[in-house]
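The working numbering runs 146 ahead of the 1-based position in the sequence shown. What follows is one structure encoded as structure tokens, with my remarks underneath.
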Amino acid sequence: MASSLLLLFLTFFLLLAATNGHNITAILDKYPDYSLYNSYLTQTKVCDEINSRETVTCLVLPNSAMAALSSKQSLAGIKNALRLLNLLDYFDPQKLHDLPRGTTLTTTLYQTTGNAAGNLGFVNITNLRGGKVGFASAAPGAKFDASYTKSVKQIPYNLSVLEISAPIIFPGLLDAPSASSANLTALLEKAGCKTFASLIVTSGVLKIYQSAMDKGLTLFAPNDEAFKAKDAPDVNSLSSADLVTLLQYHALPSYTPKDSLKTAKGTISTMASSASGKYDLSVISRGDDISLDTGVDTSRIASTVLDDTPVCVLTVDNLLLPSELFGGAPAPAPGPIALTPSPSPAATAPAPAKKKKGKAKAPSPAALSPPAPPMSAPESSPSDAPVSEADKADEKISAAVVARSVGTLGTVVLASWAIASIL
Ligand SMILES: *[C@@H]1O[C@H](CO)[C@@H](O)[C@H](O)[C@H]1NC(C)=O
Ligand SMILES: *[C@@H]1O[C@H](CO)[C@@H](O)[C@H](O)[C@H]1NC(C)=O
Ligand SMILES: *[C@@H]1O[C@H](CO)[C@@H](O)[C@H](O)[C@H]1NC(C)=O
Ligand SMILES: *[C@@H]1O[C@H](CO)[C@@H](O)[C@H](O)[C@H]1NC(C)=O
147 MASSLLLLFL
157 TFFLLLAATN
167 GHNITAILDK
177 YPDYSLYNSY
187 LTQTKVCDEI
197 NSRETVTCLV
207 LPNSAMAALS
217 SKQSLAGIKN
227 ALRLLNLLDY
237 FDPQKLHDLP
247 RGTTLTTTLY
257 QTTGNAAGNL
267 GFVNITNLRG
277 GKVGFASAAP
287 GAKFDASYTK
297 SVKQIPYNLS
307 VLEISAPIIF
317 PGLLDAPSAS
327 SANLTALLEK
337 AGCKTFASLI
347 VTSGVLKIYQ
357 SAMDKGLTLF
367 APNDEAFKAK
377 DAPDVNSLSS
387 ADLVTLLQYH
397 ALPSYTPKDS
407 LKTAKGTIST
417 MASSASGKYD
427 LSVISRGDDI
437 SLDTGVDTSR
447 IASTVLDDTP
457 VCVLTVDNLL
467 LPSELFGGAP
477 APAPGPIALT
487 PSPSPAATAP
497 APAKKKKGKA
507 KAPSPAALSP
517 PAPPMSAPES
527 SPSDAPVSEA
537 DKADEKISAA
547 VVARSVGTLG
557 TVVLASWAIA
567 SIL
């Protein structure tokens, strides 16, 4: 009893912390002048890095300056530039004008990437003649080409949004390698995921991944130990269609680096997901520790192999077992097996046959049997369907999972209030 009380309060504070942070996207949405900047914050996911900081000054560029910066640049290059425009200190207009003589050095999000050599992750701020405030890279010889133009928004001591006239650049900032040229299999082999690398080649799923690499791809690559674990299924005994589905389940059709997974709410769609919410995953995060919950098992995210917008490769400790394939015990009565088209038109791999439980949304011409009568098995997502024995083991779940299933802050507030009134 006491422990469940604790759990509820913990949940409450976790949710409070998660909902109290700022949302730079929502703030900038109100200013059409910065719509391009805002759109790139979202595409590069730098918005998630900003939102996860307690103290940040976001230097925004008006659309014309942002268009000039972004033309002909790779998304990875634009991401570097945006990171350098987000200072990890609070500067409102007053503080800017009161800066001491000389230059003030401040650190930026770019410095946190670990890619910044020397002082390249820093920005110098100085009061120029005529009351202007100038910004420059801390690189030797950099010029104060960018200057403060106006204040946009302040949330005192946490978030300040200031408009500046031009980007802050140093030579090389925009030259990020293009992720689409990365050799996925070589990368995976080097990261200790040889089994996974060979499976994606033999199954043809590599081509599905590759065709997604321009728009956005996140891989959860199980390491070689994961395939040898004693409760791991024998992937060689799967039908080729199921293997394709399983491998697609280990990928997201979007660029979702670790910081973005932390802020993911509810379930997330994988490359195997259908419109009806099958083959989804949910995320459990505790600080920097992130796990994926399939409804059958959970797997910790071990390392980042590649984070290069729009491609991200992460390793996981366990195979991700979708409940649709490994839900186990009470096997559902055979429903109509419909062949659904593979999400990628360029894919040469066989289209995965997806077992549809209950009502299939759009009757497929390939469905051979007449529509099945409504089934007793509830049609629900893995996260809230304790269908199998395996799920029962998951009942000693973390506060984060409770938070997820409780869903809204309101409910938790209500619950906490109810408990408080009992005490
Ligand atoms: C921030 O706001 C945007 C737009 O208002 C919304 O789409 C997004 O989900 C919000 N992000 C978070 C982490 O709440
Ligand atoms: C605002 O900043 C203070 C002090 O740095 C910090 O304690 C607080 O958690 C921050 N609030 C948010 C919402 O980040
Ligand atoms: C920026 O600051 C650093 C350290 O204070 C200094 O070495 C550098 O010359 C400054 N750059 C400019 C352009 O003033
Ligand atoms: C990628 O690396 C693998 C070795 O891991 C090699 O066999 C393959 O030819 C490489 N592909 C390309 C396109 O270079």
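Ideal Cβ placement from N, Cα and C applies to all residues, glycine included. Model, not experiment: these values are computed from the prediction.
Nearest-angstrom Cα separation, counted from residue j out to residue i
i	j	result
Ala282	Tyr256	14 Å
Pro399	Lys218	24 Å
Leu207	Ala337	38 Å
Ser386	Thr348	10 Å
Asp439	Leu319	37 Å
Ser449	Thr461	5 Å
Ala492	Asn270	Low confidence applies here, because Ala492 scores a pLDDT of 38, under 50, leaving its location unreliable; read the following figure in that light. Cα to Cα, the separation comes out at about 48 Å.
Leu560	Gly433	Note on Leu560: pLDDT 44, under 50, position unreliable in the model; no value is reported.
Thr203	Phe237	6 Å
Thr249	Tyr180	28 Å
Leu245	Leu205	17 Å
Val547	Ser437	Annotation note: pLDDT 39 at Val547 (below 50); position unreliable, coordinate value reported separately. Between Val547 and Ser437, the C-alpha separation is close to 11 Å.
Glu335	Ser220	26 Å
Leu452	Ile346	17 Å
Tyr186	Gly474	43 Å
Ser428	Asn209	36 Å
Val459	Ser383	26 Å
Asp360	Val351	16 Å
Tyr177	Thr295	15 Å
Asp126	Leu274	Residue 126 cannot be examined here, being either before or after the span of the chain that is shown, 147 to 569.
Asn232	Thr254	5 Å
Lys404	Ala222	16 Å
Glu525	Ala397	Here Glu525 scores only 38 on pLDDT, less than 50, and its place in the model should not be relied on; the value that follows carries that caveat. If I take the Cα positions, the gap works out to 23 Å.
Asp426	Ile170	27 Å
Ser422	Leu363	21 Å
Thr272	Leu230	16 Å
Ser216	Pro286	24 Å
Ala263	Thr413	38 Å
Val381	Ala214	50 Å
Leu242	Arg199	20 Å
Lys411	Leu182	25 Å
Thr188	Asp321	20 Å
Asp435	Gly277	46 Å
Pro511	Lys424	Low confidence applies here, because Pro511 scores a pLDDT of 36, under 50, leaving its location unreliable; read the following figure in that light. If you take the alpha carbons of Pro511 and Lys424, they lie about 20 Å apart.
Cβ-Cβ separation, residue j to residue i (assumed contact under 8 Å), whole Å
i	j	result
Pro456	Tyr401	4 Å
Ala284	Asn265	4 Å
Thr258	Phe268	Wrong, their Cβ atoms sit about 12 Å apart, outside the cutoff.
Ser297	Ile310	Not confirmed; about 11 Å, so no contact.
Leu447	Gln394	First, the residue type needs correcting, since residue 447 is Ile and not Leu in the sequence shown. Contact doesn't hold; Cβ gap of about 18 Å is too wide.
Lys299	Ile173	6 Å
Asn304	Thr201	6 Å
Phe373	Thr341	5 Å
Reference residue i; option with closest CA among the options
i	options	result
Gly167	Ser185, Asn197 and Leu187	Asn197
Ala367	Gly223, Ser216, Phe290 and Leu333	Leu333
Glu470	Asp435, Gln300, Thr341 and Val442	Val442
Leu228	Met212, Pro239 and Gln240	Met212
Ser445	Asn369, Leu215, Arg275 and Thr295	Asn369
Arg247	Gly280, Phe268, Thr253 and Leu230	Gly280
Gln240	Ser431, Tyr355 and Pro302	Pro302
Lys376	Tyr395, Phe290 and Leu465	Leu465
Pro468	Ile447, Thr295 and Ala418	Ala418
Leu365	Leu231, Gly277, Cys339 and Thr201	Cys339
Leu234	Lys404, Pro317, Val307 and Asp435	Val307
Asp454	Gly412, Leu330 and Asp426	Leu330
Ser357	His243, Ala328, Thr272 and Leu389	Ala328
Thr391	Lys374, Thr413, Ser420 and Ile414	Ser420
Leu389	Ser216, Gly223, Ser344 and Gln189	Ser344
Glu371	Asp463, Lys411 and Asp435	Asp463
Within 8 Å, strictly: CB atoms of residue i and residue j
i	j	result
Ser406	Lys191	yes
Phe472	Pro379	yes
Asp194	Asn184	no
List, from N- to C-terminal side, the beta strand (DSSP E) runs of 3 residues or more that fit wholly inside the stretch 430-480. 435-439, 444-454 and 457-462
Let me know the beta strand (DSSP E) ranges lying completely inside the stretch 228-312, each 3 residues or longer, listed in chain order. 249-253, 268-273, 279-283, 292-301 and 305-310
Write down every uninterrupted run of the alpha helix (DSSP H) in the stretch 168-237 whose length is 4 residues or greater and which is fully enclosed by it, in chain order. 170-175, 181-190, 192-197, 209-216 and 221-230
To test your reading of the DSSP string, which unbroken beta strand (DSSP E) runs of 3 or more residues are found completely within the stretch 363-427? 363-368 and 413-415
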